[in-house]
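Notes follow once the structure below has been shown.
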Amino acid sequence: MATVGFIGVGNMGTAIIRGLARRKDVKLLGLDLDAARLKALGKECGLKSAASVKELVQASDYVVLAVKPQQAPEVLQEAGPALGKTRCLVSIAAGLTVARLKELSGAKCPVARVMPNTPALVGEGVFALCLDDPGLKKAQREFLSGLFTSLGQVHVLAEKLFDAFTAVIGSGPAYVFYFMQALADAAVNLGLPRAQAVQMVQGLFAGSAKLAGEDGRHLGELTDMVCSPAGTTIRGVLHMDRTGVKGNIADAARESYLRSVELGKK
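Per my numbering, the sequence shown starts with residue 47, numbered consecutively.
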């Protein structure tokens, strides 16, 4: 039985806690300024509350840093003295490298990085897991590899790919929701009622994602399936090509990537 302690139980921390609550081999501990949320998670998930960072770290086998990157230095300075080789620090803070996390925490324990995305809130997340730290024991690597599977896909990646993952997958839900909103607005502009337009667009994305996952054909082939000769869809697709939609999406991901790199240098 491993104890997983969460420093921070915001939206992502809460999502992970809810997913782990279904496991029989994990005890959950949490610390947050929001006492009401801790109490609610205690009733819902059996989460025990810690009174301080030191108390949480001392009671945990795995310490999950689930605060904003800007808050991490202060939190890790407080946590550092209680960390040791038998514990593992697991960070979900964007941009903070393993080397930086070790520096901030005093290099007293092995460090792993996890980058989730918000669909983890409904058990459909995509997680990147960095196990590059040579100090990680085999048992720790195996435990962490299986820890997040109840919340979606888990991909073990080298740390050098984390900024790219953050830009495309970590930030990706915002791009998807942005495109969904654009389609819903277009539908309203063409006369469809707002509530129905939103419902239709939600169904469109859910169904399209399922088809892409189950069909097995290349995404380009799936696009071609919808584009009848001289039809409505090819006209729309060619308009997006002419106006550089694909290039703009790539540029947006590049901007996100550069910001992730910047965060890692602070």
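C-beta: ideal position from N, C-alpha, C; glycine also.
- Item | Rounded distance between the beta-carbons of Leu74 and Leu66, thought under 8 angstroms | 6 angstroms
- Anticipated Cβ contact below 8 angstroms, Leu268 with Leu284, distance rounded: About 17 angstroms; that fails the 8 angstroms criterion.
- Hey, Cys134 and Asp178 are a contact pair by Cβ (cut 8 angstroms); roughly how many whole angstroms apart? With a Cβ gap of about 13 angstroms, Cys134 and Asp178 do not count as contacting.
- Message: Please report the straight-line C-alpha distance between Gly76 and Ala125, rounded to a whole angstrom.
- Response: 14 angstroms
- Query: Alpha carbon to alpha carbon, what distance is there between Gly181 and Met246?
  - Reply: 50 angstroms
- Task: Verify whether the separation of the beta carbon atoms of Ser191 and Arg159 is less than 9 angstroms.
- Result: no
- Message: DSSP has Cys134 in a bridge; who is on the other side?
- Response: Tyr108
- Hey, Ala128 and Lys100: beta-carbon distance below 9 angstroms or not? yes
- Item | Distance between Leu229 and Arg281 (C-alpha atoms, nearest Å) | 16 angstroms
- Would you call the CB atoms of Leu304 and Pro115 closer than 9 angstroms? no
- Message: Once DSSP output is grouped into helix, strand and coil, what is the label at Gly51?
- Response: strand
- Query: Looking only at DSSP bridge pairs, what is Val72 linked to?
  - Reply: Ala48
- Item | Reduced DSSP category for Val113 - H, G, I as helix; E, B as strand; rest coil | coil
- Message: Please report the straight-line C-alpha distance between Asn294 and Leu236, rounded to a whole angstrom.
- Response: 25 angstroms
- Item | Whole-Å CB distance - Thr212 paired with Met161, under 8 angstroms assumed | 6 angstroms
- Task: With a floor of 4 residues, list each alpha helix (DSSP H) that falls wholly inside the stretch 184–225, ordered by position along the chain.
- Result: 184–193, 208–211
- Task: Could you tell me the distance, in whole angstroms, from the CA atom of Gly141 to the CA atom of Leu122?
- Result: 15 angstroms
- Cβ-based neighbour list, Val157, same chain, cut-off 6 angstroms, excluding 5 preceding and 5 following: Leu135, Val144, Leu147, Lys148, Asp179
- Unbroken alpha helix (DSSP H) run spanning Arg281, endpoints: 278–288
- Item | Nearest residue (CA-CA) to Ile53, options Lys70, Arg68, Leu79 | Leu79
- Message: Within a Cβ cutoff of 7 angstroms, which residues of the same chain sit near Val202, ignoring the five residues on either side of it in sequence?
- Response: Leu175, Leu177, Ser191
- Query: From Val172 to Val200, what distance separates their C-alpha atoms?
  - Reply: 6 angstroms
- Message: Taking the straight line between their C-alpha atoms, what separation do you get for Lys271 and Ile215?
- Response: Note that residue 271 is Met in the sequence shown here, rather than Lys. Spanning the two alpha carbons is a distance of roughly 26 angstroms.
- Item | Sheet register partners of Ala158 (DSSP bridge) | Val136
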